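For reference, the structure is listed below as structure tokens.
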Amino acid sequence: MPSFKLKHSLNMPSPEQPAPSPASKKKKSPSPASSDIPAAAPIKRRKQDFASDDSHVTEESLTAKLDNFSKKIVEQLEDVKTVVTIHTDEIEQEVRSL
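Residues in the sequence shown are numbered consecutively from 702, following the numbering used here.
Here it is in structure tokens:
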């Protein structure tokens, strides 16, 4: 018959551990300030956040990043416009053939 260790799941001391003394079982009264404030979630950081070679952000660096980002967005929008135009042309051809 397998033995189960239910003592640990019931927070009971195991035979190897001495029972805690009654003096060590003091009830802690919750402080009103800590019970009202929820625990803060851990902040997830990326390696890029720490590996930045520029410790001071300048207006020029932000402008350059914004320019690069806007160029990428404009390229993506042009690609989407091309796809939409192709699909509308195909739809018009199908309608004409009907």
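Even glycine gets a Cβ: it sits at the ideal position worked out from N, Cα and C. Fair warning: this is a prediction, and the values are worked out from it, not measured in the lab.
CA-CA distance, residue 758 to residue 782, rounds to 35 Å. In this structure, DSSP gives residue 789 a helical state, which the three-state scheme calls helix. Assignment of residue 778 by DSSP, reduced to helix, strand and coil, places it in the helix class.
Shown here, residue 758 sits in coil according to DSSP, grouped into three states, outside any helix or strand.
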